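Visitor: Quick one: this structure, given as structure tokens, is what I'll be asking you about.
Spelled out as structure tokens, the structure:
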């Protein structure tokens, strides 16, 4: 078969299946952790508001990691981030299993959780950049999104069963899964061909320069960044208010138990189809229009009085969100590739939107639920998502150019500043002596 621009070589065919297995196992272990940890915190704190504050610590740690990753790990490839992910994921359940239940123990565990949750993102973006053709970004992101969604569909069921015995069993099961993921991951890395990462001409950014780099990047992609925050906050809404609402309606109708499944299942199915949709309409356009439709169907959930209609509109909202997410990630992936040696800076900025979304998402969701009720809060979240989607689509440029020359000049200026400071310090020291 002739290779043309329409039919590019699939560089991922050999390594992707093994990578999918590793990511599935990590996601499955994380799904169990995600379900069990709120119960662990509840047993310690006995205060819902304090629980929310402590729980958001993992996202805060993740946000800090996102920033420093660009500064410290700019030249690292996906192997480096996968190693950190595997190590931190193994240590996390051990902390909860070995040390006594205490706030300090919880904080340590949440910090580890925040780190490996972010390194998973760095692993995914870097793996796709290093092992996938640009034409396949949407397809691969769709496959990986469906893969993770399947894990988060199965994980809560395993956690629920383990919790009926005791909470420690949940962490023991997650540890076993993480250990299996590590064995598979190490075998995968041993066989996977190493790819040389392109480095910027000067690598001496420092914290001050990293702030400048984020400012430069954000100036170009801010509509996408804000849209990502809104998309993540919608997910956070379902995993906070959505779960409580599901338990509430389950008391009057047994179908309420299917509420979260109705939200998660489309992410698994549509992830496999998303790669075929975005190339036809454009990745950014697909993401923004899908986000708008997801918001509109969330609004309709609030006006539904029948459980059947609620589930129907939740499925539709989740379907369009499941289309938007892979298209959005594929857009970022293209920018990461075009940024060459500054790809990890862009990944850090993208991951920061998720951290911020999971910090403020539960707070905003709780606020909406307190003033509008849990059922009515779906309308508020839907209006929020649809508005951000429409606004982002309106202002985003058709073609976003990456500021490589401007980023290189930041590095050069910082290095000159460092050397000048050192020279001034040496001269002053000499005169005093």
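Residue numbers (my numbering): 1453 to 1885.
By construction, the Cβ of each residue, glycine as well, lies at the ideal position given by its N, Cα and C atoms.
Being a predicted model, the structure only gives us computed values, none of them experimental.
(1) Terminal residues of the continuous alpha helix (DSSP H) containing residue 1661?
(2) Looking at residue 1827 and residue 1948, is the spacing between their C-beta atoms short of 8 Å?
(3) Does DSSP classify residue 1496 as helix, strand or coil?
(4) Should residue 1847 be labelled buried (16 or more other beta-carbon atoms within 10 Å of its own) or exposed?
(5) Taking the alpha helix (DSSP H) that residue 1740 falls in, what are its first and last residues?
(6) Taking only runs that begin and end inside the stretch 1548 to 1596, name each unbroken beta strand (DSSP E) of 3 or more residues, in chain order.
(7) If you draw a straight line from the C-alpha of residue 1520 to the C-alpha of residue 1734, how long is it?
(8) On the criterion of 16 or more Cβ atoms from any shown chain inside 10 Å, does residue 1608 qualify as buried, or is it exposed?
(9) Would you mind sorting residue 1761 into buried or exposed? The rule is 16 or more other CB atoms within 10 Å of its CB.
(10) Are the beta-carbon atoms belonging to residue 1619 and residue 1491 less than 8 Å from one another?
(11) Once you ignore the five residues that flank residue 1768 on each side, which residues in its own chain have a CB closer than 6 Å to its CB?
(12) Confirm, please, whether the CB-CB distance from residue 1537 to residue 1489 is below 8 Å.
(13) If you compare alpha carbons, which of 1811, 1821, 1794 and 1787 is closest to residue 1586?
(14) Is there contact here, the stretch 1529 to 1536 with the stretch 1562 to 1580, by at least three beta-carbon pairs under 8 Å?
(15) Can you give me the start and stop residues for the alpha helix (DSSP H) that residue 1644 sits inside?
(16) Using only the alpha-carbon positions, how far apart do residue 1861 and residue 1546 sit?
(17) Would you mind sorting residue 1659 into buried or exposed? The rule is 16 or more other CB atoms within 10 Å of its CB.
(18) In the DSSP assignment, the alpha helix (DSSP H) including residue 1765 goes from what residue to what residue?
(19) Contact criterion: CB-CB distance below 8 Å. Does residue 1792 meet it with respect to chain D?
(20) Helix, strand or coil for residue 1856? Go by DSSP, reduced to three states.
(21) Excluding the five sequence neighbours on either side, which residues of its own chain have a C-beta within less than 7 Å of the C-beta of residue 1731, listed in chain order?
(22) Give me the Cα-Cα distance between residue 1661 and residue 1801, rounded to the nearest whole angstrom.
Guide: Let me spell this out:
(1) Position 209 of the chain shown, counted from the first residue, corresponds to residue 1661. First-last of the alpha helix (DSSP H) with residue 1661: 1658 to 1689.
(2) There is no way to answer for residue 1948, as the model of the chain reaches only from 1453 to 1885.
(3) Against the chain shown, residue 1496 aligns to sequence position 44. The three-state secondary structure of residue 1496, taken from DSSP, is helix.
(4) For the purposes of this step, residue 1847 is taken as the residue at position 395 of the chain shown. Exposed.
(5) Taking the first residue of the chain shown as position 1, residue 1740 is located at position 288. 1735 to 1754 is the extent of the alpha helix (DSSP H) around residue 1740.
(6) Listed in chain order, there is nothing to give.
(7) Taking the chain shown and counting its residues from 1, the one referred to as residue 1520 is at position 68. Taking the chain shown and counting its residues from 1, the one referred to as residue 1734 is at position 282. Spanning the two alpha carbons is a distance of roughly 32 Å.
(8) Here residue 1608 refers to the residue found at position 156 of the chain shown. Buried, because 16 or more other Cβ atoms sit within 10 Å of the Cβ of residue 1608.
(9) Within the chain shown, numbered from 1, the residue matching residue 1761 stands at position 309. With fewer than 16 Cβ atoms within 10 Å of its Cβ, residue 1761 is classed as exposed.
(10) What you label residue 1619 is simply residue 167 of the chain shown in a count that begins at 1. What you label residue 1491 is simply residue 39 of the chain shown in a count that begins at 1. Closer than 8 Å, so yes.
(11) Position 316 of the chain shown holds residue 1768. 1749, listed in sequence order.
(12) For this step, residue 1489 is matched to residue 37 along the chain shown. For this step, residue 1537 is matched to residue 85 along the chain shown. No; because the gap between Cβ atoms is not below 8 Å, this pair is not in contact.
(13) For the purposes of this step, residue 1586 is identified with residue 134 of the chain shown, where counting begins at 1. Out of 1811, 1821, 1794 and 1787, 1787 has the C-alpha closest to the C-alpha of residue 1586.
(14) The answer is yes - the stretch 1562 to 1580 touches the stretch 1529 to 1536, with three or more Cβ pairs under 8 Å.
(15) One-based indexing of the chain shown puts residue 1644 at position 192. That residue, residue 1644, is in no alpha helix (DSSP H); it is neither H nor E in DSSP.
(16) Mapped onto the chain shown, residue 1861 falls at position 409. Mapped onto the chain shown, residue 1546 falls at position 94. In a straight line, the C-alpha of residue 1861 is about 45 Å away from that of residue 1546.
(17) Position 207 of the chain shown, counting from 1, holds the residue named residue 1659. An exposed status is given to residue 1659, since fewer than 16 other beta-carbon atoms sit within 10 Å of its beta-carbon.
(18) Locating residue 1765 in the chain shown gives position 313, where the first residue counts as 1. It spans 1759 to 1790 - the alpha helix (DSSP H) in which residue 1765 sits, taken as one unbroken run.
(19) In the structure shown, chain D does not exist; there is a single protein chain.
(20) Against the chain shown, residue 1856 aligns to sequence position 404. Helix.
(21) On the chain shown, position 279 is the one that residue 1731 refers to. Answer for residue 1731: 1590, listed in chain order.
(22) The residue you call residue 1661 lines up with position 209 of the chain shown. The residue you call residue 1801 lines up with position 349 of the chain shown. A direct Cα-to-Cα measurement between residue 1661 and residue 1801 gives close to 14 Å.
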